[in-house]
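There are 2 protein chains.
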Amino acid sequence: MQSTLFTIAEPNRFNIIELLKKKPRSVNELVKELNIGQPQVSRHLRILSEAGLVRVNRKAQQRIYSLEPKPFQELDAWFDSFSQLWEERLDQFESYLSNLERKE
Amino acid sequence: MQSTLFTIAEPNRFNIIELLKKKPRSVNELVKELNIGQPQVSRHLRILSEAGLVRVNRKAQQRIYSLEPKPFQELDAWFDSFSQLWEERLDQFESYLSNLERKE
DNA sequence: CATTTATATACGTTGATGCATATATATGTT
DNA sequence: AACATATATATGCATCAACGTATATAAATG
């Protein structure tokens, strides 16, 4: 799951993911919307594919790429586990407030 | 927010974050729990600090590092935006099911 | 079957990043 | 003030990953 994060963090791959989140696209569509060459797009798609983040569907000569939900679910869950962070801080703030009250 | 992701994706920084999530720690505590040298830990903490992911509190010679909640909240929200992915798939599955029923 | 369109791969170059070693700074202790 | 502890920074080196160019494969079309 940590390697998933690494894969997503690369700026171009991040942009590809943002585009694919809206709707599946062919390689050429991605090339037009990004500012990198076709070989780079193909290469990043390959990396995303090997990481299990996208799936491919053939349509004539085109390859239509779309996002694979599972890894994103996992990361979503991981980031949820940080919610304790701000909840604890809120608790601390509340006990600070009740201390104030006691003093008054 | 994308740069935040990039900062987190580095394996050692990821581990540091996992440790700090449990509780704040001094540099030396982190050094003992990770398999890298003190200068590297300090360097990664600096990067995390500049990215606004951690805060420092001095305690004698020690520097106690802890996580800053905001950026994690942001990423949590970003990954939530992917939930549409699997919900849509679920919708498709459901309409597929109701199609089956109609045919029967 | 030759050509066009769509995509993938190979290769060399370059820039970024992490590490180890050495050193600097800051605080505490005697 | 001298020394010890805790942390930060500087530097040189090695590795890795992304890019561009060129080329290969695959499918459609005339």
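Going down the list, the protein sequences come from chains A and B.
Just so you know, we're using the numbering used here here: the first sequence kicks off at 1145 and counts up by one.
Just so you know, we're using the numbering used here here: the second sequence kicks off at 1145 and counts up by one.
Backbone N, C-alpha and C fix where the C-beta goes; we use that ideal spot for every residue, glycine too.
Every value quoted in this text rests on a predicted model; they were computed, and no experiment measured them.
Asp1220 (chain A), buried or exposed, once every other Cβ within 10 Å from all chains shown has been counted against 16: buried
Residues that DSSP places opposite Arg1202 (chain B) in a beta bridge: B:Arg1207
Contact under 8 Å by Cβ, Ala1204 (chain A) with Phe1150 (chain B): no
CB contact check: Leu1219 (chain B) to chain A, cutoff 8 Å: yes
Pick from B:Phe1158, B:Pro1183 and B:Glu1231 that is closest to Ile1192 (chain B), judged by C-alpha positions: One point to set straight first is that residue 1192 (chain B) is Leu, not Ile, in the sequence displayed. Selected option, being the one with the closest Cα: B:Phe1158.
Chain B contact for Leu1174 (chain A) (CB, 8 Å cutoff): no
Closer than 8 Å to chain A by CB, Leu1197 (chain B): no
Bridge partner(s) assigned by DSSP for Ser1170 (chain B): B:Ile1208
Beta-carbon gap between Leu1189 (chain B) and Val1175 (chain B) smaller than 8 Å: no
Contact test: Arg1157 (chain A) Cβ vs the ligand ATP heavy atom, cutoff 7 Å: You won't find the ligand ATP in this model; it holds no ligand whatsoever.
Members of the stretch 1158 to 1185 of chain A near chain B, C-beta cut-off 8 Å: Phe1158 and Lys1165
Through-space distance from Glu1212 (chain B) to Glu1231 (chain A), alpha-carbon basis: 12 Å
Beta-carbon proximity check, Phe1223 (chain B) vs Phe1226 (chain A), cutoff 8 Å: no
Buried or exposed by the 16-neighbour rule on C-beta atoms within 10 Å, applied to Val1200 (chain A): exposed
C-alpha distance - Pro1179 (chain B) paired with Arg1169 (chain A), whole-angstrom precision: The displayed chain sequence assigns Asn, not Pro, to residue 1179 (chain B). So the alpha carbons of these two residues sit roughly 42 Å apart.
CB contact flag (Ser1210 (chain A), Val1198 (chain A), <8 Å): yes
Residues that Val1208 (chain A) contacts on chain B, provided the C-beta gap is smaller than 9 Å: Looking at the sequence itself, residue 1208 (chain A) is Ile, so the reference to Val does not match. Within chain B, no residue comes near Ile1208 (chain A); the closest Cβ sits about 16 Å away, beyond 9 Å.
CB contact flag (Pro1183 (chain B), Gln1146 (chain A), <8 Å): no
Span separating the alpha-carbon of Leu1229 (chain A) from that of Ile1208 (chain B): 16 Å
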